[in-house]
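Undergrad: Starting off with a structure, shown below.
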Amino acid sequence: MAKSVNGRLLIERALDDERDVKTNARRSRPARSVTVNLVKSPLGWLLSRNSITQAQYDAGERLRADWERAQLSPRVTMSWDAAPMGSRRGGSAEARDLSGTQIDAKRRFHAAIDAAGPGLSDILWRVVCAGEGMRDAETALGWPARAGKLVLGLALDRLATYYRIT
2 MAKSVNGRLL IERALDDERD VKTNARRSRP ARSVTVNLVK SPLGWLLSRN
52 SITQAQYDAG ERLRADWERA QLSPRVTMSW DAAPMGSRRG GSAEARDLSG
102 TQIDAKRRFH AAIDAAGPGL SDILWRVVCA GEGMRDAETA LGWPARAGKL
152 VLGLALDRLA TYYRIT
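Basically the numbering used here = 1-based index in the sequence shown + 1.
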């Protein structure tokens with residue numbers, strides 16, 4: 002549950018999986034967690050100003066969580082992993098092996114984006130996943146000012162319907 006403190010909307014989020022490794026049962030309390038200020042994200046900012054509903058916010062956060070779990074964002078820093086070894090001379094190994102969690106998250110992300118539709122998925126990706134502000138997203142898409150908020154609301158409504166969030 003989020004709590005408001007000095008104009009910030011704070012929530013506690015788990016850093017690791019919520020299941021116990023040995024028993025595969027849900028833990029009552031995560032081993033590691035972090036306090037997050039939800040107003041720092043574009044969706045949190047819109048929620049704090051009553052521009053979107055709680056259901057729209059929850060749908061957007063669920064999409065963003067799958068985006069992050071699937072590790073679909075581009076790398077910003079150097080990868081220090083060992084270079085892949087190929088079986089033949091001069092070649093490299095196959096693509097890296099993704100975990101089941103990443104594969105499932107990628108599948109869920111693409112299904113949700115497809116459910117939003119082709120005209121709405123671009124604003125969803127820019128604001129929810131890439132974290133662009135509304136003005137930047139509108140400019141990048143060539144839309145007039147304040148059109149993005151309306152279209153984002155429609156896209157989040159479709160996501161909420163897809164996720165069955167009421």
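Virtual Cβ for every residue (Gly too), placed ideally from N, Cα, C. Keep in mind that this is a model prediction, so the values were computed, not measured.
For a quick check, are the C-beta atoms of leucine 151 and leucine 121 less than 8 Å apart?
TA: In this structure, leucine 121 does not lie closer than 8 Å to leucine 151 by Cβ.
Undergrad: Excluding sequence positions up to five away, which residues of its chain have a Cβ less than 6 Å from the Cβ of tryptophan 68?
TA: For tryptophan 68, where only same-chain residues beyond five positions count, the Cβ hits under 6 Å are Phe110, Cys130.
Undergrad: Tell whether a beta-carbon distance below 8 Å holds between glutamate 139 and glycine 132.
TA: Contact: no.
Undergrad: Could you tell me the distance, in whole angstroms, from the CA atom of alanine 146 to the CA atom of serine 100?
TA: Cα to Cα, the separation comes out at about 41 Å.
Undergrad: Could you pull out every residue in the same chain whose Cβ sits closer than 8 Å to the Cβ of glutamine 55, ignoring the five residues on either side in sequence?
TA: The answer, listed in chain order, is Leu48.
Undergrad: Between the Cα of glutamate 62 and those of Trp144, Trp126, Trp81, spot the shortest distance and give me the residue it belongs to.
TA: Out of Trp144, Trp126, Trp81, Trp126 has the C-alpha closest to the C-alpha of glutamate 62.
Undergrad: What first and last residue would you give for the alpha helix (DSSP H) that runs through glutamate 62?
TA: First-last of the alpha helix (DSSP H) with glutamate 62: 55-70.
Undergrad: Would you report the Cα separation of tyrosine 164 and aspartate 105, rounded to the nearest angstrom?
TA: Looking at the two C-alpha atoms, the distance is approximately 15 Å.
Undergrad: Between which two residues does the alpha helix (DSSP H) containing isoleucine 114 stretch?
TA: Start and end: 101-117.
Undergrad: Do glutamine 57 and aspartate 158 come within 8 Å of each other at the CB atom, strictly closer than that value?
TA: Taking 8 Å as the Cβ cut-off, aspartate 158 and glutamine 57 qualify as a contacting pair.
Undergrad: Round the Cβ separation of arginine 70 and glutamine 103 to the nearest angstrom and send it over; I've been treating them as touching at under 8 Å.
TA: Arginine 70 to glutamine 103, Cβ: 7 Å. Contact.
Undergrad: According to DSSP, is alanine 138 helix, strand or coil?
TA: DSSP places alanine 138 in helix when its eight states are reduced to three.
Undergrad: Which residue marks the beginning of the alpha helix (DSSP H) containing arginine 159, and which one marks its end?
TA: It spans 148-164 - the alpha helix (DSSP H) in which arginine 159 sits, taken as one unbroken run.
Undergrad: Note the first and the last residue of the continuous alpha helix (DSSP H) segment covering proline 1.
TA: Residue 1 is absent from the model: the chain starts at 2 and stops at 167.
Undergrad: Give a yes or no on whether the C-beta atoms belonging to alanine 113 and leucine 73 are separated by under 8 Å.
TA: Taking 8 Å as the Cβ cut-off, alanine 113 and leucine 73 do not qualify as a contacting pair.
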